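Numbering (the numbering used here), first residue to last: 114 to 398.
Dropping the structure here:
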């Protein structure tokens, strides 16, 4: 019998499943939705949740309601034993938790991409990851097509434009509220046209999508952004236009909101969940 035949005749040895422990930074609507979806997964374990000291009791109470008080520990800093961090806390968490974790060699995945419009922060993340010999993953969040834009960038892009449309009153509490009479808008009205960096500075709560597209393509200063108060729509609409050596791409997305927080896209949670699944799946996409 040949060696190859002998190997085929041997009984298969069961391989122990890969268990991926995760420390999650943040426990708001996104974090709670993620934990609910991950709980019970045979290969994913959220072991720690990092929250500010003032929020620890609220987090423990929420975990108790979810039946997870005994399996998930609430802490105020990323533990030394952590091997993977998933950030879903907001911009301040990148400086406070992600940069130090990267420096220690902890792999990190980030949802608060809009924070990278802050001067120097992208470089800080990259430097920390290099110092720690690890990687920081920028998750696509509420938008699609990021992989195609990043691939097309290799041979050269000439134009990347992001258009964000929302009902007029959805822009309440932003610089548009005061510059425009949002209650009286009857036709689609451009409230900002500029660079992705400018959009992120003036409209930080709407910065994640524009920042993600710009980082995948031409950068914050060369990516054009148009924000529109549109009374003809009743949902948030994302449009992307890309041109380059590869050809052209036009993408329109009408994302449904997260049930736990209508201001957040449900796809944001799903993009983080996809990343975690890819950590343990035999085949990734």
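Cβ atoms here follow ideal geometry from the backbone N, Cα and C, with glycine treated the same way.
Given the structure is predicted, the values throughout are model-derived calculations rather than measurements.
Residues in its own chain within less than 8 Å of residue i by CB, not counting five upstream and five downstream?
i, result
"residue 262", "270, 273, 326, 329, 330, 353, 355 and 362"
"residue 239", "249"
"residue 382", "143, 146, 147, 150 and 371"
"residue 213", "191 and 241"
Kindly list the residues whose CB is nearer than 7 Å to the CB of residue i, restricted to its own chain and excluding five residues on each side of it in sequence; keep chain order.
i, result
"residue 242", "215, 248 and 249"
"residue 156", "130, 131, 132, 133 and 393"
"residue 287", "316"
"residue 359", "265 and 268"
"residue 314", "230"
"residue 377", "142, 143, 370 and 371"
"residue 182", "173 and 176"
So is residue i buried or exposed if we call it buried at 16+ other beta carbons inside 10 Å?
i, result
"residue 147", "buried"
"residue 232", "exposed"
"residue 310", "buried"
"residue 391", "exposed"
"residue 342", "buried"
"residue 235", "buried"
"residue 398", "exposed"
"residue 264", "exposed"
"residue 396", "exposed"
"residue 367", "exposed"
"residue 277", "buried"
"residue 318", "exposed"
"residue 166", "exposed"
"residue 189", "exposed"
"residue 196", "exposed"
"residue 121", "With a pLDDT of 48 at residue 121, under the threshold of 50, the modelled position of that residue is not reliable, and no figure is offered here."
Measure the beta-carbon distance from residue i to residue j and round it to whole angstroms, keeping in mind my assumption that it falls under 8 Å.
i, j, result
"residue 345", "residue 301", "6 Å"
"residue 340", "residue 364", "Contact doesn't hold; Cβ gap of about 17 Å is too wide."
"residue 323", "residue 303", "With a Cβ gap of about 15 Å, residue 323 and residue 303 do not count as contacting."
"residue 384", "residue 230", "The pair is not a contact, with the Cβ atoms about 19 Å apart (cut-off 8 Å)."
"residue 289", "residue 282", "Not quite, the Cβ-Cβ distance comes to about 10 Å (not below 8 Å), so this is no contact."
"residue 172", "residue 187", "5 Å"
"residue 163", "residue 136", "6 Å"
"residue 258", "residue 218", "That pair is no contact at about 32 Å."
"residue 185", "residue 160", "7 Å"
Between which two residues does the alpha helix (DSSP H) carrying residue i extend?
i, result
"residue 299", "It is not in any alpha helix (DSSP H) - residue 299 carries neither H nor E in the DSSP assignment."
Cutting at 6 Å between CB atoms, please list the residues of its own chain near residue i, excluding the five before and the five after it.
i, result
"residue 379", "369 and 371"
"residue 201", "139, 143, 144 and 224"
"residue 308", "334"
"residue 386", "150"
"residue 357", "265, 269, 270 and 271"
"residue 321", "226, 227 and 254"
"residue 389", "157"
"residue 203", "225"
With residue i as the anchor, note down where its beta strand (DSSP E) starts and where it stops.
i, result
"residue 374", "374 to 378"
"residue 198", "197 to 200"
"residue 204", "It is not in any beta strand (DSSP E) - residue 204 carries neither H nor E in the DSSP assignment."
"residue 187", "186 to 188"
"residue 366", "360 to 367"
"residue 353", "350 to 357"
Please report whether the beta-carbon of residue i lies at a distance below 8 Å from any beta-carbon of chain D.
i, result
"residue 182", "The structure shown contains no chain D; it is built from a single protein chain."
Unbroken beta strand (DSSP E) runs of length 3 or more, entirely within the region 209 to 263: which are they?
220 to 223 and 249 to 251
Where are the beta strand (DSSP E) runs, 3 residues long or more, that stay fully inside the region 135 to 169, in chain order?
157 to 163
Beta strand (DSSP E) runs contained entirely in the region 266 to 342, provided each spans 3 or more residues:
270 to 279, 302 to 308 and 337 to 342
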